[in-house]
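Counting from 515, one number per residue, gives the positions in the sequence shown under the working numbering. Structure first, commentary second.
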Amino acid sequence: MGIIAHGLIFHGMPERYDEIGRTYSMSRRTDPMIASALEVALGESGTVLNVGAGTGSYEPRERDVIALEPSPVMIAQRRRDAAPAVRGRAEALPFDNASFDAVMGVLTVHHWSDWRRGLAECARVARNRVVLLTWDPSIATFWLVNEYFPEHVAFDRRRFPSMIELTDVLGAIQTEPVLVPANCKDGFLGAFWRRPEAYLRPELRDGMSAFAQLPQAEARFARLKDDIASGKWHRMHADLLSLDAIDLGYRLVIAHARSH
Ligand SMILES: C[S@@+](CC[C@H](N)C(=O)[O-])C[C@H]1O[C@@H](n2cnc3c(N)ncnc32)[C@H](O)[C@@H]1O
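See below:
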């Protein structure tokens with residue numbers, strides 16, 4: 515039996531990322547353009563809690579950071595000099611009210627079993643602001659999903675909270691598009707929008723949680739391989755080839771803390 519806090523068992527439970535995150539740090543690295551957007555969003559915050567911190571990709575180095583992460587497999591991939599990590603879940607943060615200037619969460623909220631409760635916890639422990647990088651489910655999905663995994667569209671629209679739903683929990687939010695550069699260093703689902711060959715590499719796909727839940731992925735990737743080889747992909751997506759960055763719906767969300 516794990517430790518029970520706030521009615522949730524959060525130690526000793528098998529974590530999903532223990533299974534799907536084994537090679538995460540190989541393909542999921544800090545992208546400098548995304549990192550600087552997060553840096554600006556954190557403002558003057560001196561103390562930061564990084565919730566769902568994973569391997570620590572976007573943890574600021576010049577601030578006093580604590581990482582919170584449920585998966586020991588992810589924690590084990592953190593650099594030796596990374597911020598100290600506490601094992602735990604967003605839904606039951608083991609910290610007092612207003613313990614950190616800012617709480618950040620990067621591409622993690624859609625993995626939480628109860629994102630409303632998790633975000634309420636983030637708002638509780640943040641003195642000044644909560645900063646999230648997430649995906650806005652009202653934005654059109656891109657070619658990989660539309661043309662090869664159409665069933666994934668509905669899945670992602672269900673698991674990512676809408677911007678309006680976020681305001682239900684966080685109050686007024688400020689949102690900013692985070693463009694994905696054509697040479698994005700962080701191999702998340704949309705990262706290779708201009709490099710279709712990358713999706714044929716299993717070691718890169720392993721870093722994308724989307725493919726862990728998609729049956730028959732191999733047949734779809736075989737079709738993509740054929741479309742690249744025949745020139746069909748390049749004909750259909752010629753408009754993308756001259757772009758340096760694109761808006762795929764990733765959003766920075768900043769919520770200023772209400773008084774505690
Ligand atoms: C896509 S990874 C993102 C990791 C890191 N933030 C980054 O940008 O590389 C999602 C992370 O959320 C974590 N996670 C899943 N459920 C969680 C929960 N309930 N509370 C906090 N983190 C959770 C996973 O273990 C995983 O490390």
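Virtual Cβ for every residue (Gly too), placed ideally from N, Cα, C.
When distances are taken from the beta-carbon of L582 to the heavy atoms of ligand 1, the shortest one is below 8 Å.
If you check the C-beta of H666 against ligand 1, you find no heavy atom less than 8 Å away. Our two residues, F656 and G570, have alpha carbons roughly 27 Å apart in a direct line. Under the criterion of beta carbons closer than 8 Å, A712 and V694 do not qualify as touching, at roughly 13 Å. If you look at E690, you'll find it in the beta strand (DSSP E) that goes 687-691. With distances taken between CA atoms, G560 lies nearest to V617 out of A604, V617, E665, S539. By DSSP's assignment, V562 forms a beta bridge with V579, A616.
Excluding residues up to 5 positions away in sequence, R542, R543, T544, D545, I548, S571 lie with their Cβ nearer than 7 Å to the Cβ of D700 in the same chain.
The C-beta separation of A726 from I534 comes to about 5 Å, placing the pair in contact by the 8 Å criterion. Residues L728, R734 of the same chain have their beta carbon placed closer than 7 Å to that of F663, with the five preceding and five following residues left out of the count. Where Y531 is concerned, the enclosing alpha helix (DSSP H) starts and stops at 530-534.
With the rule of 3 Cβ pairs closer than 8 Å, the segment 598-615 counts as touching the segment 624-642.
Residues E529, D532, R601 of the same chain have their beta carbon placed closer than 8 Å to that of P586, with the five preceding and five following residues left out of the count. By a beta-carbon distance limit of 8 Å, A597 does not contact E576. Their separation comes to about 12 Å. The three-state secondary structure of Y662, taken from DSSP, is helix. The continuous stretches of alpha helix (DSSP H) do not include L728, and DSSP gives it neither H nor E. Take the alpha-carbon of M588 and the one of I742: they are about 34 Å apart.
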